[in-house]
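Reviewing the structure listed below.
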Amino acid sequence: MKVALFLTCVNDGLFPATGRAVVEVLESLGHEVDFPTEQTCCGQLHLNAGYQREGLHVAQQFRRVFEPYEFVVSPSASCVGTVRESYRNAARTMGDPRLEADVEELAGRVYEFSEFLTDVLHVTDVGARFPHRVAYHPTCHSLRTLGLKEGPKDLLRAVKDLELVDFKGSDQCCGFGGMFALKNAATSVAIGVDKVTSVEDAGAEVLCALDNSCLTHVGGVASHERLPLRTMHLAEILAARE
Amino acid sequence: MTKTFNSESAFPKLAQAELGNAQLRANLARATTTIREKRLRVVKELPDWEELRSAGAAIKDYVLDHLDELATELESNVTRRGGVVHWARTGEEANEIVVELVKATSASSVVKVKSMVTQEIGLNAALEHEGIAAYETDLAELIVQLGDDLPSHILVPAIHKNRSEIRDIFIEEMGRSGLAAPAGLTDDPAQLAAAARAHLRDRFLSATVGISGANFLIADSGGLVVVESEGNGRMCLTLPQTLISVVGVEKIVPNWESLGVFLQLLPRSSTGERMNPYTSIFSGVTPGDGPQQFHLVLLDNGRTSALADPEGREVLRCIRCSACLNVCPVYERTGGHAYGNTYPGPIGAVLVPQLRKGNRSALENSLPYASSLCGACYEACPVKIDIPRILVKLRTDVVDAQRVEHPNNPELLSMKAVDAMFSSPRRFQGLVRFGGLLARVVRRTKVRHLPPPLSAWTSGRDAPLPPAESFRAWFAATHPSASTPSAAPTSKPPATSRAESTTTAPPALREDDARDAMIESLGSPHHGVHDGTPPTGSFSFRRVGELSSDERVAQFTERLVEYRASVVEATKDGVADHVRSFLARQGSTSVIAARDVPPSWLADTASVVAFDDPPLSVAQLDDLDATVSGCAVAISETGTIVLDAGTHQGRRIISLIPDHLIVVVEEPQIVELVPEAVARLDASATQTWISGPSATSDIELERIEGVHGPRVLDVIIVRAS
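Chains A and B, in that order, give the protein sequences.
Quick note: the first sequence uses our numbering, first residue 1, plus one each step.
Quick note: the second sequence uses our numbering, first residue 243, plus one each step.
The following block contains the structure:
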């Protein structure tokens with residue numbers, strides 16, 4: 001089938017490898033991927049920080065670009081969560097029922113990448129090989145907004161020679177939280193330090209998640225603490241053929 | 243002098259100070275981990291937890307839409323039962339009312355049950371100002387008061403202190419205001435609890451005025467419900483001649499049946515127990531039993547202004563369980579003091595700005611940002627308050643105020659600039675290209691220091707740099723024929739946000755006027771969203787149990803034993819043997835019972851038996867070792883025994899003062915579920931729900947049996963066959 005890739009601003013600017021991995025995995029499964037070049041951002045930064053007007057402005061850009069597609073796939077749980085929940089909440093706060101109906105309809109066509117694999121394509125083994133000890137951190141938006149629990153782990157378990165490592169407090173937030181990371185930097189880092197310590201204690205080489213924004217924070221903390229932990233988006237592990 | 247929260251500092255600054263305290267971090271991490279695990283365990287046990295949550299939310303929504311009617315219904319029922327209802331629009335008004343009531347009794351001190359609302363209004367300081375000493379009796383509140391500290395948690399105000407810090411406070415401070423800590427006091431939690439018992443014992447027995455809050459107010463019976471663990475609540479609600487309860491008006495529930503929902507939601511969410519050791523339920527004045535003067539002060543203090551919008555109403559559902567604090571990653575690191583007020587944690591971050599609408603200090607503006615929006619609070623909330631969504635709405639209010647007051651503030655300007663970048667594909671693509679350019683110049687993958695404001699990022703994190711080849715360049719090169727469907731431009735300009743409504747303080751009025759003004763504002767948000775009957779009936783939580791009588795007895799026994807009670811089964815004729823052996827085991831040589839207990843229960847006992855007829859004084863009761871009592875109903879799922887001052891029981895005080903309580907439960911009295919017990923009980927009866935011996939979780943959230951109520955509970959189940 002034909003899917004549109006919503007790369008997200010963070011991946012567009014900083015993590016092109018994640019986008020390439022998504023394209024490679026989907027194409028290897030026989031699907032056609034479109035990349036609408038007019039895409040920018042979902043508006044999450046603004047919407048979550050209280051800049052509702054600006055957030056909805058960016059959201060309109062998102063809607064214009066992805067309106068024509070039946071399937072929109074994105075390697076970011078928090079951006080998909082924004083489209084599914086924050087658009088609706090903001091439209092409600094604005095008291096705009098027409099906008100609310102529009103965004104509800106669009107939200108039904110936007111999928112997180114791993115969710116698209118497991119729940120739409122019903123695939124768990126994508127033919128990847130990745131001989132490393134990997135810890136999976138369920139980001140807050142994947143776990144609690146999208147309700148993705150076992151799907152991403154099933155995908156990892158199907159990766160050849162990958163050892164999935166459990167760690168203490170895995171379902172607790174990493175401390176990123178968008179603007180929270182800047183406005184409450186000390187608290188954000190304190191939470192992040194506990195997260196990387198726990199992952200290190202479990203003996204993982206790689207920390208994997210569905211959101212590069214969270215991984216930037218956790219990886220940044222690990223690097224600042226001079227820990228050897230690598231962070232990788234799930235898509236990149238699924239595209240690995242090591 | 244009582245400390246009060248008076249910080250004007252914003253959350254990040256307060257948090258920074260707390261984060262530096264390694265002991266605090268360790269104490270909090272240990273305590274919150276313990277309570278999270280306990281909560282999960284008891285929540286998973288209930289197959290209908292989600293239905294109970296939905297019912298709890300819907301009942302509260304109904305209440306908040308009908309507060310004017312329900313508050314007046316409550317008033318008339320409390321009055322009918324011999325209580326006096328007062329209305330206070332502000333904390334100052336409430337404090338004035340309480341001070342006048344205490345002065346009228348000539349008491350120079352009061353004993354207090356732990357109450358958030360009296361902290362919210364600063365009642366202790368107001369009483370002290372008038373020369374009236376307010377003694378906190380909850381163990382954690384006592385620790386905070388003795389240590390001249392501030393509370394840091396809704397349920398466990400001294401959660402930031404560990405056992406050895408608590409021992410030091412007791413040794414140092416107890417002697418200054420009463421009985422000193424015993425020599426050689428260790429940091430064993432049981433010893434600490436015993437020291438608190440001894441320190442407060444005479445204070446309870448001689449108190450003439452008690453002050454409490456309440457967990458629930460039952461509109462259709464005038465009932466007041468206080469949920470607690472240690473027995474200090476029972477002491478304050480039972481021993482003084484005068485009881486003054488200060489309660490936020492949102493604590494009303496419509497009817498008796500609602501308790502079947504909330505008495506399941508609250509204990510499991512707050513202490514992670516199936517049921518808390520003690521729940522007291524009474525309406526107005528019970529002649530000859532407990533306080534003979536009862537005053538209920540219904541408090542507004544910002545609640546009606548919170549009612550005015552949907553988010554405020556949702557927040558007022560809160561039943562103060564503190565589950566959201568215990569699961570919050572931010573609270574776990576910063577503790578409660580960083581929130582700068584009585585209500586910490588996620589609920590505080592949404593409640594405080596709603597209660598203080600129009601007040602935009604640095605603290606209030608920062609609270610909605612004191613969250614990573616991780617959603618753990620919403621998941622744990624027993625009344626489904628969508629805290630993350632409300633935080634975002636409150637952030638929007640902060641920003642919208644900034645647009646008017648400080649249109650040139652740097653954050654607003656940068657966010658507008660980012661918007662301009664992100665809503666234009668051309669500018670956005672330029673930015674991505676610039677990133678690639680930067681990467682080729684810098685030729686590194688990460689940076690350790692960024693300039694302000696991004697220096698906040700690199701204060702504890704390295705930052706990534708853009709890679710040389712963008713995704714866009716790669717995709718264009720590898721997918722030359724990719725087509726993009728033309729996007730239909732259906733842009734709609736966003737509506738402008740609604741203007742902030744400004745609230746002005748009403749002029750000072752007398753108490754009668756306060757009543758009318760408050761009822762009027764309570765009625766104003768009435769939108770007719772809900773129909774005229776409380777919605778409890780529309781939820782399918784379990785109302786009838788499925789266990790056989792044998793299974794109920796077995797479950798009841800197992801649950802009581804977990805609370806460290808002793809349980810035996812007896813035949814109808816065998817009760818006296820077990821009473822005798824329980825008394826002998828504890829060395830209890832004197833025993834009290836209600837006049838109507840069956841003589842066969844106490845046959846051939848070697849102990850001296852006193853009957854509460856004529857009623858014994860507190861001092862006489864305090865000389866007795868044990869109590870033998872029947873009960874009204876028992877609940878197997880929660881290991882609960884309910885006394886209702888009915889047959890074989892007598893006054894509430896009888897089962898409270900002696901240190902050893904023996905309860906005889908008849909097999910047919912045992913039901914499986916809380917709603918079944920609620921259905922069997924008379925809403926107008928004065929009740930004590932007992933689940934194990936008195937206990938506390940106030941020291942590192944570990945349950946310790948034995949504080950102010952009976953430290954030993956023995957149960958004799960009389961089998962039907």
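We put the beta carbon where it would ideally sit given N, CA and C, even for glycine.
Please state the DSSP three-state secondary structure of residue 841 (chain B).
helix
Provide the residue span of the beta strand (DSSP E) that contains residue 232 (chain A), from first to last.
230-233
Do we get a CB-CB distance below 8 angstroms when we pair residue 555 (chain B) with the residues of chain A?
no
Have a look at A:207, A:62, A:14, A:236 and flag the residue whose alpha-carbon is nearest the alpha-carbon of residue 79 (chain A).
A:62
What residues in the region 161-176 of chain A have a beta carbon less than 7 angstroms from any beta carbon of chain B?
172, 173, 175, 176
Closest Cβ-Cβ distance between residue 754 (chain B) and chain A: below 8 angstroms?
So, not an interface residue.
Spell out the partners DSSP gives residue 929 (chain B) in its beta bridges.
B:523
Label residue 735 (chain B) either buried or exposed according to how many other C-beta atoms from any shown protein chain fall within 10 Å of its C-beta, with 16 as the threshold for buried.
Low per-residue confidence applies at residue 735 (chain B): pLDDT is 35, beneath 50, and the placement is therefore not dependable enough to give any value.
I'd like to know whether the C-beta atoms of residue 494 (chain B) and residue 459 (chain B) end up nearer to each other than 8 angstroms.
yes
By how many angstroms is the C-alpha of residue 537 (chain B) removed from the C-alpha of residue 923 (chain B)?
25 angstroms
Quick check on the DSSP output: the alpha helix (DSSP H) that includes residue 60 (chain A) runs from which residue to which?
52-66
Does residue 216 (chain A) come within less than 8 angstroms of chain B when only Cβ atoms are used?
yes
For residue 862 (chain B), does the count of other Cβ atoms within 10 angstroms reach 16, so buried, or fall short, so exposed?
Residue 862 (chain B) comes out exposed.
With a cut-off of 8 angstroms on the beta carbons, I'd call residue 943 (chain B) and residue 398 (chain B) a contact; round off their distance for me.
Right, their Cβ atoms sit about 6 angstroms apart.
Would a check of beta-carbon distances place residue 122 (chain A) closer than 8 angstroms to chain B?
So, not an interface residue.
Under the rule that 16 or more other beta-carbon atoms within 10 Å means buried, what is residue 676 (chain B), buried or exposed?
exposed
Going along the chain, which residues of its own chain have a beta-carbon closer than 6 angstroms to the beta-carbon of residue 820 (chain B), five neighbours each way excluded?
Around residue 820 (chain B): 810, 812, 958.
Any idea which residues DSSP pairs residue 154 (chain A) with across the strands?
Per DSSP, none; premise fails for residue 154 (chain A).
Listed in chain order, which residues of the region 671-683 of chain B have Cβ atoms closer than 8 angstroms to some Cβ of chain A?
Residues 671, 673, 674, 677.
Could you give the first and the last residue of the continuous beta strand (DSSP E) run that contains residue 536 (chain B)?
535-541
How long is the line joining the alpha carbons of residue 540 (chain B) and residue 291 (chain B), rounded to whole angstroms?
31 angstroms
Figure out for me which residue from B:870, B:902, B:878 has the closest Cα to the Cα of residue 889 (chain B).
B:870
Taking the alpha-carbon of residue 164 (chain A) as reference, which of A:33, A:181, A:189, A:202 has the nearest alpha-carbon?
A:202
Can you look up residue 625 (chain B) in the DSSP assignment and give me helix, strand or coil?
coil
If you count every other CB in all the chains shown that lies within 10 Å of the CB of residue 881 (chain B), and 16 or more means buried, which is it?
buried
To the nearest angstrom, how far is it from the Cα of residue 65 (chain A) to the Cα of residue 722 (chain B)?
20 angstroms
In chain order, what residues of the same chain have a beta carbon less than 7 angstroms from the beta carbon of residue 592 (chain B), not counting five sequence neighbours either side?
557, 629, 632, 633, 636
Residue 853 (chain B) lies in the beta strand (DSSP E); which residues open and close that run?
850-853
Taking all protein chains shown into account, decide if residue 687 (chain B) is buried (16 or more other Cβ within 10 angstroms of its Cβ) or exposed.
exposed
Expressed to the nearest angstrom, what Euclidean distance is found between the alpha-carbon atoms of residue 206 (chain A) and residue 100 (chain A)?
Approximately 40 angstroms between the Cα atoms of the pair.
For residue 861 (chain B), which three-state DSSP category applies?
If DSSP states are grouped into helix, strand and coil, residue 861 (chain B) belongs with the helices.
Does DSSP classify residue 377 (chain B) as helix, strand or coil?
strand
How many Å lie between residue 883 (chain B) and residue 76 (chain A) at the Cα?
Computed Cα separation, rounded: 52 angstroms.
Is it true that the CB of residue 947 (chain B) sits closer than 8 angstroms to the CB of residue 915 (chain B)?
The answer is no: Cβ separation not under 8 angstroms.
Identify the contact partners of residue 220 (chain A) in chain B, using a Cβ-Cβ distance below 7 angstroms as the criterion.
703, 704, 705
Considering residue 371 (chain B), what are the terminal residues of the beta strand (DSSP E) in which it resides?
First-last for residue 371 (chain B): 365-371, but that is the alpha helix (DSSP H), not the beta strand (DSSP E).
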